[in-house]
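Written below as structure tokens is the structure these notes are about.
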Amino acid sequence: MAAQVMGAATVEEALLSRCSVRAFLPTPVPRGDVERLLALASRSASNSNGQPWHVHVLTGGAKRRLTEALWEALDGDGRVAACEYPYQPAADAWPEPFRGRRRSFGDGLYREALGIDVDDAAGRLRHHRRNYDFFGAPVGLVLTVSRHPLDSALVDAGLFLQALMLAARQDGLDTCPQAAFLDFYPVLRRHLQIPDDQIIVCGLALGFADRDHALSRSRTPREPVRAFTTFHDDGPPRPGPA
Ligand SMILES: Cc1cc2nc3c(=O)[nH]c(=O)nc-3n(C[C@H](O)[C@H](O)[C@H](O)COP(=O)(O)O)c2cc1C
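Here it is in structure tokens:
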């Protein structure tokens, strides 16, 4: 762990400082540190303690070879028509309010942080490509779960992922979860020899953030608690505090 990097000292600090980082320094992360983070994440709850997760850890040549294969597929339009399982609706089929939030997220990322117009397909693709080298992070993780039972395994995977991202903050490390890999699941399956009974959940970039990069300057907003909470007590149900 780099001595000069300040890590989160409390769970609250880890939660408040975690964000998706899309620009990393090349500073390596020792394998022992990655193993420790994975051991911490494996303390996550899972349905009947099934622990359905599996993690592929990519560094060095293995990571480079996967990136090259993914870029080749991207350039050759090797993107598959759909994820292996119903992951998300098509871009134009998102209902409100998620559609609006997605649009303002895209605006913040492309227009404000990168100066790329939302209609600039080539510019967007240039940035999107960086997903496949894990945004320059020295460690790329690919999380898979057992296909049976899929729905509960995906919930368990989410808990594992969040625990891993928060534990990383304690070491001053940052992360970015990446569903972008799902568009090329056959390439991942082939390269990582993922067996048929495993489903790819997402990738995760892991490393030290490049805090000077334009992409590291903005934070995504959140709805207030009252917007997503209903309190039930002795009176009629009501939203949380303003
Ligand atoms: C399952 C999942 C998949 C994601 N996939 C990507 C991705 O492929 N590329 C990317 O840049 N960000 C991806 N993100 C990051 C989200 O855009 C980000 O979490 C969201 O905008 C909230 O911002 P924050 O993480 O900085 O708080 C993903 C997040 C999750 C949870």
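Under my numbering, the letters of the sequence shown match residues 2 to 243, in that order. Heads up, the beta-carbon is just placed ideally off N, CA and C, and yes, glycines get one too. Bear in mind the structure is a predicted one, so any value in this text is a computation, not a measurement.
Kindly indicate which three-state DSSP category residue i falls into: helix, strand or coil?
{"i": "Phe106", "result": "helix"}
{"i": "Phe185", "result": "helix"}
{"i": "Thr231", "result": "strand"}
{"i": "Val30", "result": "coil"}
{"i": "Phe25", "result": "strand"}
{"i": "Arg218", "result": "coil"}
{"i": "Pro226", "result": "First, the residue type needs correcting, since residue 226 is Val and not Pro in the sequence shown. Helix, per DSSP."}
{"i": "Val12", "result": "helix"}
{"i": "Trp54", "result": "strand"}
Straight-line CA distance for residue i to residue j?
{"i": "Gly208", "j": "Glu97", "result": "34 Å"}
{"i": "Ile61", "j": "Trp54", "result": "Looking at the sequence provided, one finds Gly at residue 61 rather than Ile. If I take the Cα positions, the gap works out to 23 Å."}
{"i": "Ala4", "j": "Gly107", "result": "Caution applies to Ala4, whose pLDDT of 45 falls short of 50 and renders its modelled position unreliable; the value that the coordinates give is listed next. Ala4 and Gly107: Cα-Cα distance of roughly 35 Å."}
{"i": "His73", "j": "Ala114", "result": "Here residue 73 turns out to be Glu, not His, going by the sequence shown. Between Glu73 and Ala114, the C-alpha separation is close to 27 Å."}
{"i": "Arg239", "j": "Gly124", "result": "45 Å"}
{"i": "Ala228", "j": "Pro242", "result": "9 Å"}
{"i": "Leu174", "j": "Val30", "result": "9 Å"}
{"i": "Leu75", "j": "Val156", "result": "29 Å"}
What residue from the options has the CA that sits closest to residue i's CA?
{"i": "Leu38", "options": "Asp76, Asp197, Ile201 and Ala169", "result": "Ala169"}
{"i": "Pro1", "options": "Leu151, Gln163 and Asp120", "result": "Absent from the structure is residue 1, since the part of the chain shown begins at 2 and ends at 243."}
{"i": "Thr145", "options": "Gly159, Phe136, Ala138 and Phe135", "result": "Gly159"}
{"i": "Cys203", "options": "His149, Arg239 and Gly141", "result": "Gly141"}
{"i": "Ala40", "options": "Tyr186, Val56, His149 and Asp234", "result": "Val56"}
{"i": "Gly51", "options": "Tyr186, Ala154 and Ile200", "result": "Ala154"}
{"i": "Leu26", "options": "His233, Pro222, Gly236 and Asp213", "result": "Asp213"}
Cβ of residue i within 7 Å of any heavy atom in ligand 1?
{"i": "Gln89", "result": "no"}
{"i": "Ser18", "result": "no"}
{"i": "Arg1", "result": "Summary: the structure shown does not reach residue 1, with the chain confined to residues 2 through 243, and so no result is reported for it."}
{"i": "Arg127", "result": "no"}
{"i": "Asn48", "result": "no"}
{"i": "Arg23", "result": "yes"}
{"i": "Thr221", "result": "yes"}
{"i": "Pro31", "result": "no"}
Task: Every unbroken alpha helix (DSSP H) inside the stretch 130–175 [4 residues or more] - done: 151–171
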